[in-house]
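Worksheet for the structure shown next.
Protein chains: 2
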Amino acid sequence: MGIDPGLTRCGLSVVQAGRGRQVIPVAVGVVRTPSDAELAERLLRISRAVGEWMDEYRPDVVAMERIFERGNVSTVMNTAHAVGVMILAAAERNIPVHMYTPSEVKKAISGNGRADKKQMTVMITRILGLSEAPKPADAADALAIAVCHCWRAPLLARTQMALNTAGEKRS
Amino acid sequence: MGIDPGLTRCGLSVVQAGRGRQVIPVAVGVVRTPSDAELAERLLRISRAVGEWMDEYRPDVVAMERIFERGNVSTVMNTAHAVGVMILAAAERNIPVHMYTPSEVKKAISGNGRADKKQMTVMITRILGLSEAPKPADAADALAIAVCHCWRAPLLARTQMALNTAGEKRS
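Chains as they are written, first to last, in my numbering: chain H, 1 to 171; chain Z, 1001 to 1171.
The following block contains the structure:
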């Protein structure tokens, strides 16, 4: 499951990793919360919506975009609150969470850590064999994060196995 | 209930508002999470501990310190994730949440928005009639936030009532 976190718009996606670099899209969507609602109400809505997705699709892992302290302070804080709530939803279901920076996602998908939105959308549409570009942008981003994890997970697993083996040898 | 939010240490307090400016301390404590644990595990622990306090003491309202984008970026982000999780815990129990800036709390308690930790501890010990200063600092801060809300709530209620009356007159 891929999540492009946000309080006003949160992109959600589910993909299935296939053989090699094949990735099959399963679901994509956007959860919105009204910007005039109270923060508590908005976090509750995000929590419930993300929890429902997790209960319905039972993902093996959640990949989420890591947020940075740039742009509007209150937007960054709101997104950070939403991220906390979504990590909690995964933790309550024993689903591991992996975080990727925007440039890690861009690099994994397009080979370029500074790819723009248009390039990313073209690549993700091609990779997933979609007949048209996913909309809105948050949905496309959520798919890109999920694909990024599918492609990086085997490497992460090998690295972890190597670290574990090294640890066992030491102890 | 007063909360001084943090991921490593989170101060929690419960007070009972009495007549006038009287405030009676009910409970105070600190929830800690190990800094070497995964973020998801830490947020889960915070969520459960704060939820247990809310279920045990059934507070009418939660007052929390508003965090600012200062200091170490990853500390601020971790605190913001924890804040999201705690606001959610309140929202799931229909408990309203009020946020106060550190200077609002300092001003309410000591009359000085720039009071230092020592002054704040002396004041909160005196206000609550404690035989000794509450420790650690996060616990004292959680009490200060709760007292701040007790003293400001009547004013907030009057302001809200005035706004509602004005709204009714307009409509």
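Beta carbons: idealized from backbone N, C-alpha and C, even for Gly.
None of the values given here were measured: they were computed from a predicted structure.
For chain H, the residues of the segment 1078 to 1107 of chain Z that bring a beta carbon within less than 8 Å of one of its beta carbons are 1080, 1081, 1082, 1083, 1084, 1085, 1087, 1088, 1090, 1091, 1092, 1096 and 1097, in chain order.
Around residue 146(H), no beta-carbon contact reaches into chain Z at under 7 Å, the shortest distance being about 18 Å. When the alpha-carbon of residue 12(H) is set against those of 19(H), 2(H) and 20(H), the nearest one is in 2(H).
The Cβ of residue 1017(Z) sits no closer than 8 Å to any Cβ of chain H. Judged by DSSP in its simplified three-state form, residue 16(H) adopts strand.
Counting the other CB atoms within 10 Å of its CB gives residue 47(H) a total of 16 or more, which places it among the buried residues. Using a CB distance below 7 Å, the part of the segment 30 to 46 of chain H facing chain Z consists of 39, 40, 41, 43 and 44, ordered along the chain.
DSSP places residue 67(H) outside both helix and strand once states are collapsed to three, so it counts as coil.
With respect to the C-alpha of residue 95(H), the residue from 65(H), 114(H) and 59(H) having the closest C-alpha is 59(H). The DSSP assignment places complete alpha helix (DSSP H) segments of no fewer than 4 residues inside the segment 1085 to 1139 of chain Z at 1102 to 1110 and 1117 to 1127, in order along the chain. Looking from the CA of residue 1140(Z), the closest CA among 1152(Z), 1087(Z) and 1125(Z) belongs to 1125(Z). The DSSP-derived three-state label of residue 73(H) is helix. Here residue 58(H) carries a coil assignment [DSSP, helix/strand/coil]. For residue 1037(Z), no beta strand (DSSP E) run applies, since DSSP gives it neither H nor E. Boundaries of the beta strand (DSSP E) harbouring residue 1032(Z): 1023 to 1032, taken from the DSSP string.
Distances from the CA of residue 1010(Z) to each of 1085(Z), 1148(Z) and 1036(Z) were compared; the closest alpha carbon is that of 1085(Z). Nearest in C-alpha terms to residue 1109(Z), of all of 1099(Z), 1101(Z), 1120(Z) and 1100(Z), is 1120(Z). By the 16-neighbour rule on beta-carbons within 10 angstroms, residue 24(H) is exposed. Burial is judged here by how many other beta carbons sit within 10 angstroms of a residue's own beta carbon; residue 55(H) has fewer than 16 and is exposed.
Looking at the backbone, the Cα of residue 1079(Z) and that of residue 1106(Z) are separated by about 20 Å.
Sequence-distant Cβ neighbours of residue 1051(Z) in its own chain, meaning closer than 6 Å and more than five residues away, are 1089. With fewer than 16 other Cβ atoms inside 10 Å of its own Cβ, residue 1166(Z) counts as exposed. If you draw a straight line from the Cα of residue 115(H) to the Cα of residue 65(H), it is about 16 Å long. Nearest Cα to residue 14(H) within the set 28(H), 103(H), 163(H) and 93(H): 28(H). When 33(H), 128(H) and 16(H) are compared, the shortest CA-CA separation from residue 8(H) is found for 33(H).
In the DSSP assignment, residue 1011(Z) is bridged to 1004(Z) and 1030(Z).
Distance from residue 1044(Z) to residue 1082(Z) at the Cβ level is roughly 11 Å; contact not present, criterion being Cβ atoms closer than 8 Å. The beta carbon of residue 97(H) sits closer than 7 Å to those of 62, 64, 87 and 90, all from its chain and outside the five residues before and after it, given in chain order. With contacts defined by Cβ atoms closer than 8 Å, residue 1148(Z) and residue 1104(Z) form a contacting pair. Here residue 1101(Z) has 1065, 1066 and 1068 as same chain residues with Cβ atoms under 8 Å from its own Cβ, once five neighbours each way along the sequence are excluded.
Taken atom to atom, the span from the alpha-carbon of residue 4(H) to that of residue 22(H) is near 21 Å. Judged by beta-carbon spacing, residue 117(H) lies within the 8 Å limit of residue 137(H), meaning their Cβ atoms are closer than that value.
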